[in-house]
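Below: the structure, in structure tokens.
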Amino acid sequence: MGGKQRVSIMSTVSLGTYDFAPYRSLSNAELHERIQKVRGQMGSKLLILGHHYQQDEVIELSDLRGDSYQLSKMAAESSDCRYIVFCGVHFMAETADILANRPEVVAQRDGQRVTVVLPDMAAGCSMADMAAIDQVENAWEDLGEVIDTNDITPVTYINSAASLKSFVGKHGGIVCTSSNADKALKWAFSRTSRVLFFPDQHLGRNTALTMGVTEEQMPVWNPYAGDLGGNTEAQLVDSKVVLWQGHCSVHQMFKKEHVAAFRENHPGIKILVHPECMREVNEIADVSGSTGKIIETVRNSPAGTKWAIGTELHLVNRLEKEHPEQEIHFLSPVVCMCATMYRIDLAHLCWSLENLAAGTPVNEIRVDDETAKWSRVALERMLEVSK
């Protein structure tokens, strides 16, 4: 885990009208009913966003379902929305606030901001935490002692804090998602000869390998390794992509042995993985792609297709339920789910919604104006290259 993130939100936890403790004792049925009541009261002004990795009972009550950027973009495009409750993790709620409260859009709403709420402030992302802003700033300074940072484009995965998106925006860089990382890297290489990619080393490596960058040209920067992130000056001088030593705790669990076992025990099975998986898994999979691509691949496959899928457990289980005509397995024998995403449950959702309806929102996420401005610059670059 990385160092402590610099705070990039203005508002903090509010006590609200209702305490959380009593909600723990309510049944899911009662929580469901009370959540539906608030949804009925608030109508189109409220959007509940459910990330694909959420529990089924939360997804069932979500107005929109998708990946982190897709959800934020859809919510920001809603003319009626005034309140967003993001059932995801912290960086996702930050992105929603950044996009939904663009200055020109706030002006169109006569100065009214969209309130963004995260039902449980403990819902973070271990990958995002592996690259703290202070660590990245220090790495940038250290890199400048060996190579000209004017010849490095920083690229951050969208699974990162707003402070990192802002850093990238200020330094001529770009944000990417797992579905457009190749376009972001091509854009970066059109500007400079090197890239600093964070926080997920596997997405960066897997993408760069398809573009002809070799493993030897991709040193890994370890923020805890002391001088030059544990690299020699020669390694950095010869580099094309400097990878940050970060990873997704879920996708790190999948091993090449798991792939071999499924192929041996289930003849004809296809392996479908997320590019956050390690290189040795990604390279031997039949299909590698973003969460959206994984869902689309299964949806478009004929009955009788057999899959072993290497991504978050809740999503794999949901795909299995939604596609009984296919044979779907979770790639790892070890249960691995996004534990921080799992913190968002019906109790937290109901508590946050009822406080919102009472006019005393809890866990409001608001990115400060300067951070939001530069984050939007980096996000807009991503949108431009993805057209």
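Under UniProt numbering, think of the first position of the sequence shown as 1, with each following residue one higher.
Even glycine gets a Cβ: it sits at the ideal position worked out from N, Cα and C.
Here the structure is a predicted model, which means the values were calculated and not measured.
Alpha-carbon spacing of residue i relative to residue j, whole angstroms
i: L331; j: Q55; result: 19 Å
i: Q217; j: Q36; result: 53 Å
i: K4; j: P223; result: Legend: pLDDT at K4 = 35, less than 50; position of this residue unreliable, value from coordinates given subsequently. Near 13 Å, if we compare the C-alpha coordinates of P223 and K4.
i: I174; j: A29; result: 44 Å
i: R376; j: G169; result: 8 Å
i: A308; j: G66; result: 21 Å
i: T12; j: S249; result: Reliability fails at T12, whose pLDDT of 49 lies under 50, so the model's placement of it is uncertain and the value that follows must be treated cautiously. Straight-line Cα distance between these residues: approximately 27 Å.
i: G229; j: L143; result: 9 Å
i: A128; j: N150; result: 25 Å
i: G50; j: V146; result: 44 Å
i: A372; j: I295; result: 31 Å
i: V38; j: C350; result: 9 Å
i: S386; j: A93; result: 22 Å
i: C87; j: L118; result: 7 Å
i: S166; j: G111; result: 23 Å
i: G204; j: P154; result: 12 Å
i: M211; j: G16; result: 51 Å
i: S190; j: M253; result: 34 Å
i: R6; j: V136; result: Residue placement at R6 cannot be trusted, given a pLDDT of 39 that sits under 50; the coordinates are not used to answer.
i: T95; j: P267; result: 43 Å
i: R318; j: E327; result: 13 Å
i: residue 449; j: H32; result: Only positions 1 to 387 of the chain appear in this structure, which leaves residue 449 out of reach.
i: G226; j: T232; result: 11 Å
Extent of the continuous alpha helix (DSSP H) to which residue i belongs
i: C350; result: 346-357
i: H314; result: 313-322
i: F330; result: No alpha helix (DSSP H) contains F330, which is instead part of the beta strand (DSSP E) from 327-330.
i: I98; result: 90-100
i: T115; result: First-last for T115: 115-117, but that is the beta strand (DSSP E), not the alpha helix (DSSP H).
i: V38; result: 28-42
i: N138; result: 133-143
i: V385; result: 369-385
i: Q108; result: 103-108
i: V58; result: 56-59
Proximity winner among the options, relative to residue i (alpha-carbon distances)
i: R299; options: I284, P324, T311; result: P324
i: E364; options: A225, E257, I84; result: I84
i: R109; options: E370, D148, R82; result: R82
i: D369; options: A162, E77, L346; result: A162
i: L346; options: R34, L203, V116, L209; result: R34
i: A285; options: G304, F262, G292, P302; result: F262
i: Y53; options: T232, L203, V281, R343; result: R343
i: L315; options: V362, G292, L383, D63; result: G292
i: L272; options: G289, Y23, V114; result: G289
i: I48; options: H329, I328, A357, L61; result: L61
i: R279; options: Q70, V259, R24; result: V259
i: A21; options: H348, L356, E384, A357; result: H348
i: D19; options: I328, N355, F198; result: N355
i: K73; options: R102, I59, V58, N282; result: R102
i: F197; options: S160, S352, E283; result: S160
Proximity below 8 Å, CB of residue i to CB of residue j
i: A123; j: H90; result: yes
i: V220; j: L243; result: yes
i: T156; j: L164; result: yes
i: I152; j: T192; result: yes
i: V116; j: A100; result: yes
i: H247; j: D182; result: no
i: L64; j: A76; result: no
i: D80; j: K45; result: yes
i: H171; j: C277; result: no
i: M382; j: A234; result: no
i: G310; j: H251; result: yes
Range covered by the beta strand (DSSP E) that runs through residue i
i: L64; result: 64-66
i: H51; result: 46-51
i: V85; result: 83-87
Any non-hydrogen atom of the ligand FAD closer than 7 Å to residue i Cβ
i: G40; result: For the ligand FAD, the structure offers nothing, since it holds no ligand at all.
In chain order, what are the residue ranges of uninterrupted alpha helix (DSSP H) at least 4 long that sit wholly in the segment 153-240? Those alpha helix (DSSP H) runs which fall completely within the segment 153-240 and span 4+ residues are 162-170, 181-189, 201-209, 233-237.
Where are the beta strand (DSSP E) runs, 3 residues long or more, that stay fully inside the segment 228-305, in chain order? Counting only runs of 3 or more, we get 241-244, 270-273.
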